[in-house]
């Protein structure tokens with residue numbers, strides 16, 4: 124039998140238990156945190172690796188971001204495509220296929236092979252070594268070789284090679300980016316087709332002098348190394364990463380790279396362009412090498428202009444997985460390459476071969492299609508093209524116009540001043556905006572008034588009339604100085620507004636205009652895209668009629684990184700003085716379109732490598748034997764009369780011998796005793 128004390132104790136404990144239970148129940152209601160079942164389901168599907176490769180601090184945070192629409196269903200790099208499909212099915216979404224990211228070390232010479240400032244015997248960790256004067260290497264960005272990235276990799280995809288540099292196992296690498304985050308030198312980075320196309324070189328990259336000078340950014344040391352090894356297909360694959368016209372450029376390139384070749388410090392530069400031509404001709408005689416393309420996205424892009432820049436933009440857009448259509452006004456693709464270069468320097472069969480290689484990637488092309496007559500930008504946008512690139516070429520491309528007596532514009536109300544002055548503009552709208560003007564501003568005002576303009580406004584980059592070079596009476600027009608034109612807006616086949624920014628206040632402003640005239644010999648590169656928004660401000664697939672659009676230029680080349688607005692100083696000629704520069708302009712345009720479609724900012728990285736960058740270099744080389752450059756063979760006068768090319772190209776033996784002269788340079792490292 125229980126005594127009264129025990130009974131009281133039991134009752135007391137029971138009462139206390141009930142009270143505590145009630146309190147806990149109330150507290151659970153008060154402090155209840157709702158967990159979205161979708162978030163819970165997505166988190167359960169994620170692998171729980173918490174590697175950070177998705178850009179969020181752990182799988183829980185990524186699950187919340189995926190459900191909120193701030194992260195994609197395929198953002199988990201560790202899970203692979205199967206997991207992405209599972210998550211997409213949970214949320215009722217569809218996903219685009221995505222090529223894998225793979226870590227790529229960017230250093231060529233180990234600590235033992237490179238120049239050293241001191242012998243490091245401290246903690247065997249790259250981050251610790253970097254705290255001592257930046258590390259033991261003389262090179263500021265070189266790999267320190269202590270294996271921090273190897274130990275940090277959560278998937279065992281990295282190991283240290285015999286040469287003291289990290290080696291990546293592409294089968295095990297998930298592209299989580301852990302190695303990139305822990306490397307104190309930022310010399311190991313994630314790489315993919317998309318990343319390599321979008322990539323602009325930065326001061327963190329180990330870039331050889333020749334590669335730095337190449338407008339297209341071709342990995343010159345790598346493709347020459349493969350030629351020396353006899354791997355001609357591999358060499359061409361490296362070239363085609365950044366160059367859609369290898370056979371053409373191998374014949375007409377101005378060879379900026381050879382002026383910067385470090386071999387100049389010993390004897391003569393490596394015949395870099397001759398070697399490029401050798402592997403391109405090797406492909407032409409054998410089997411075509413198709414560059415790797417990202418998975419198809421189903422996004423259509425239209426490109427107005429089938430010259431070097433337009434075709435290059437189409438090439439890189441196709442490699443990014445998009446579906447480009449090129450609209451060319453003349454009867455053949457190629458632009459000035461087909462019209463202005465002698466056949467002994469560039470046979471048309473060579474040009475056609477490279478163009479066929481571009482079309483083989485799925486690029487569609489239509490010739491004899493004139494903007495304003497056969498199509499307009501708004502008609503293309505209404506046909507579900509996600510973007511339209513205006514790439515009609517430099518001022519000299521006007522000689523390719525099929526009809527010089529009449530003027531058509533792919534956008535109603537956008538013209539060139541040279542046409543306005545020749546009375547080739549049929550009619551101006553009531554509000555005209557002229558970008559630029561100079562000493563013919565007064566004449567331009569009269570021409571616009573004669574064509575029906577009620578008001579004329581000049582938007583000028585300069586600070587005043589004297590700096591702008593304005594002569595004559597402008598009483599019939601308004602002038603806005605310190606104006607950097609940034610964007611255009613329109614509805615249907617007409618312009619409606621011009622966005623410009625004051626260089627004094629930095630404030631963006633809008634100018635109503637239904638006619639825009641460019642006071643330059645060429646149209647600027649412009650990207651047109653729809654302004655499709657629903658009531659919540661989100662993009663919608665429903666295309667309105669008429670189409671509302673905006674137009675903006677691609678991001679600028681690195682040498683003009685500090686310049687803003689259209690027609691910055693040096694910009695009209697910067698990409699048109701050589702075909703190799705126009706190719707890079709096409710790549711930048713394709714990259715800009717890709718960024719625009721995926722909501723990324725169209726801008727250069729802060730530490731982009733440019734002509735004004737300060738970087739390490741060497742003024743002398745040691746331990747390098749002198750060896751004469753192999754001379755490019757030339758055709759005799761008899762052979763030229765018979766229709767042969769001026770230069771006949773290297774033989775295989777000569778090419779491999781010339782490739783062996785390459786010093787395989789890094790920033791300051793190079794191969795000693797090379798001959």
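In our numbering, the protein residues as written are 124 to 798. Even for Gly, the Cβ is constructed at its ideal location relative to N, Cα and C. Bear in mind that the values here come from a model prediction, so they are computed numbers and not experimental data.
For residue 631, DSSP records a beta bridge to 624.
Closest by C-alpha distance to residue 277, out of 266, 287, 302, is 302. If the five residues before and after residue 467 are omitted, its C-beta is found closer than 7 Å to the C-beta atoms of 763, 768, 769, all from its own chain and listed in chain order. Within the model, the alpha-carbon separation for residue 234 versus residue 216 is close to 49 Å.
The alpha-carbon of residue 727 is positioned some 13 Å away from that of residue 710. 8 Å or more divides the Cβ of residue 675 from the Cβ of residue 779.
Here residue 676 carries a coil assignment [DSSP, helix/strand/coil]. C-alpha of residue 259 to C-alpha of residue 250: approximately 12 Å in a straight line. Residue 612 carries a strand assignment under DSSP once its states are collapsed to helix, strand and coil.
With respect to the 8 Å criterion, residue 332 and residue 378 are not classified as neighbours on the basis of their beta carbons.
When beta bridges are read from the DSSP output, residue 757 appears opposite 770. Per DSSP, residue 554 is one residue of the beta strand (DSSP E) stretching across 554-558. For residue 222, the three-state secondary structure derived from DSSP is coil. Counted as a single uninterrupted DSSP element, the alpha helix (DSSP H) harbouring residue 206 occupies residues 203-214. Of the candidates 206, 391, 383, 391 places its Cα closest to the Cα of residue 747. Here DSSP, grouped into helix, strand and coil, assigns residue 778 to helix.
Leaving aside the five residues that flank residue 177 on each side, the residues in its chain whose CB is nearer than 6 Å to its CB run, in chain order, 185, 198, 199. Secondary structure note for residue 716: its alpha helix (DSSP H) is the uninterrupted segment 702-720.
Within the same chain, Cβ atoms closer than 8 Å to the Cβ of residue 349 are found at 355, 357, 358, 361, the five residues on either side in sequence being excluded. For residue 500, the uninterrupted alpha helix (DSSP H) segment begins and ends at 500-505. Close CB contacts of residue 571 within its chain, under the 6 Å cut and outside five residues either way in sequence, are with 551, 555, 579 (chain order).
Annotation: residue 718 to residue 756 spans about 44 Å, alpha carbon to alpha carbon. Here residue 724 is exposed. Its C-beta has fewer than 16 other C-beta atoms within 10 Å. Distances from the CA of residue 307 to each of 254, 776, 319 were compared; the closest alpha carbon is that of 254. In this structure, residue 436 places its C-beta atom within 8 Å of the C-beta atom of residue 512. Per DSSP, the beta bridge partners of residue 494 are 498.
Under the three-state reduction of DSSP, residue 580 is assigned to strand. Looking from the CA of residue 165, the closest CA among 415, 543, 425, 207 belongs to 207.
By the Cβ-count criterion, residue 146 is exposed, with fewer than 16 other Cβ atoms from all chains shown falling within 10 Å of its own Cβ. Inter-residue distance for residue 653 and residue 509 is about 7 Å (C-alpha atoms, whole angstroms).
Among the bridge pairs identified by DSSP, residue 451 is matched with 490. For residue 227, the three-state secondary structure derived from DSSP is strand. Judged by DSSP in its simplified three-state form, residue 508 adopts strand. For residue 282, the three-state secondary structure derived from DSSP is strand.
Excluding sequence positions up to five before and after residue 220, its CB lies within less than 6 Å of the CB of 418, all in the same chain and listed in chain order. Under DSSP, no beta-bridge partner is assigned to residue 471.
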